Amino acid sequence: MSEPADRRYGPATLPRARGPLSAAVVEALRRPPHDLPADLGVDLDPADPFTDEDLHLTLFLCYELHYRGWLGVDESWEWQPTLLALRARCERVFEAALRRLVGAPPVPAAGVAAGLAELVAADNGPALAVTLQRRADLTQFREFVAHRSVYHLREADPHSWALPRLGGPAKAALVEIQTDEYGNGRLDRMHAELFRRTLDRLGLDTGYGAHVDVAPAVTLATNNLMSLFGLHRRLRGALLGHLAAFEMTSSLPNRRYGNGLRRLGFDEVATRFYDEHVEADAVHEQIAAHDMCGGLVRAEPALASDVLFGAAAGLAVDRLFAAHLLDSWAAGRSSLRAPAPPALPPRVSLVALPAVAPPAPPALV
Ligand SMILES: [Fe+2]
Ligand SMILES: [Fe+2]
């Protein structure tokens, strides 16, 4: 298995399995593409479809094949029919749970932008941003950043899947937003790269996917949600609604995150990712609600309720994520999964060994 040329940009190494389904997928992906057993995942019925580790890692393993792939995994797995069938089974469970969770938000007479504003105004989620601004210690802040790195190191990519599926005003608005997210084509301004600097300043691994193994199901669910919406053309309305809700709830929390890092003594290199979003997303939220979602619904009126479903689903899963972090910290626990045990040192002769520096401590202990 060869090392990637630059592990900052992926692909990531395959994560550790979290149950029988993800174990079967990880094991299969290590080998050349082949048919999986037909009954794999047919009896999938998790008690909680938002916190089931095996379900969400399995989905994440499948989805990543459409982003950067996995290190050492044959790229043809991306369209292997039996793996796609397994993914579809997992998606049905996840999507059904999402629809049970948020229902079908009604579209107000004033239009879809007004509907988005109502959903955002009613979003009384746990005060994660306030906690990070005022009270979180460095360990907790590092945990938060590790969770978010799963998305931010590929920031904007899931929503870019909407581009070839749109035309007209909605497409122009999405391009305007995504252009900012990708730094107007300047590497040092790409939001993913700004976030990499935050990771670096906090002493965390900056490699693409470096924190997937310690990210619990609910964190993977926030990512799987975007991939589910992004990879299905039929869910393009939900994808745009998700992006709009994301932008409309970004500016104030990002100000708080930046202030939290300043409180902990970090400099403007560490806070720049968050500072950048305070201004940018105040603009993006207008473009997203009125030009992008409004433009989509003017062209395709039947998609209005999908837009609101996507927004409501994004807000709801984010509330579950925030509650997980706050509940973990209130109970004195880490919000991350346990890191992998350190690799055993190789068995070597004790004779004539050169001096070796002690191994660096794990990133998150
Ligand atoms: Fe961004
Ligand atoms: Fe934005």
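What the sequence shown shows, in our numbering, is residues 104 to 468, in sequence order. All residues carry an ideal CB built from backbone N, CA and C; glycine is no exception. Predicted model, so just to flag it, every value in this text is computed and none were measured.
Query: Beta-carbon contacts of serine 408 that lie in its chain and below 6 Å, excluding the five residues immediately before and after; Result: Ala207 and Val210
Query: Any heavy atom of ligand 1 within less than 6 Å of residue CB: hits in chain order; Result: Glu258, Glu284, His294 and His380
Query: Where the alpha helix (DSSP H) through methionine 351 begins and ends; Result: 339-351
Query: Nearest neighbour of arginine 375, chosen from Leu219, Arg300 and Ala313 [CA to CA]; Result: Arg300
Query: DSSP bridge partner residues for alanine 115 (one or two, in chain order); Result: Trp173
Query: Proximal residues to alanine 347 (C-beta, below 7 Å), its chain only, five neighbours per side dropped; Result: Leu219, Ala391, Ala392, Met395, Cys396 and Ala414
Query: Secondary structure of proline 208, DSSP reduced to three states; Result: coil
Query: Cβ-Cβ separation, phenylalanine 412 to alanine 341 (assumed contact under 8 Å), whole Å; Result: 5 Å
Query: Methionine 329 (DSSP reduced to helix, strand or coil); Result: helix
Query: Inter-residue Cα distance where the pair is leucine 453 and glutamate 296; Result: Note that leucine 453 has pLDDT 35, beneath the 50 cutoff, so the model's placement of it is unreliable and the number below is only indicative. Computed Cα separation, rounded: 43 Å.
Query: Cutoff 7 Å; reference valine 321; Cβ partners in own chain excluding five residues on either side; Result: Phe153, Thr154, Leu423, Phe424 and His427
Query: Nearest neighbour of serine 431, chosen from Ala200, Gln389, Glu246 and Asp308 [CA to CA]; Result: Glu246
Query: DSSP three-state assignment for glutamate 403, whether helix, strand or coil; Result: coil
Query: Nearest-angstrom Cα separation, counted from proline 140 out to proline 184; Result: 12 Å
Query: Cα-Cα separation, proline 464 to glycine 398; Result: Note on proline 464: pLDDT 41, under 50, position unreliable in the model; the coordinate value appears next. Proline 464 and glycine 398: Cα-Cα distance of roughly 51 Å.
Query: Rounded separation between leucine 331 and arginine 440 - CA only; Result: 24 Å
Query: Same chain, Cβ closer than 6 Å to tyrosine 166, neighbours up to 5 away in sequence not counted; Result: Ser330
Query: Inter-residue CB distance, arginine 436 and aspartate 316 (contact presumed, cutoff 8 Å); Result: Between aspartate 316 and arginine 436 the Cβ distance is about 17 Å, and since that is not below 8 Å, they are no contact.
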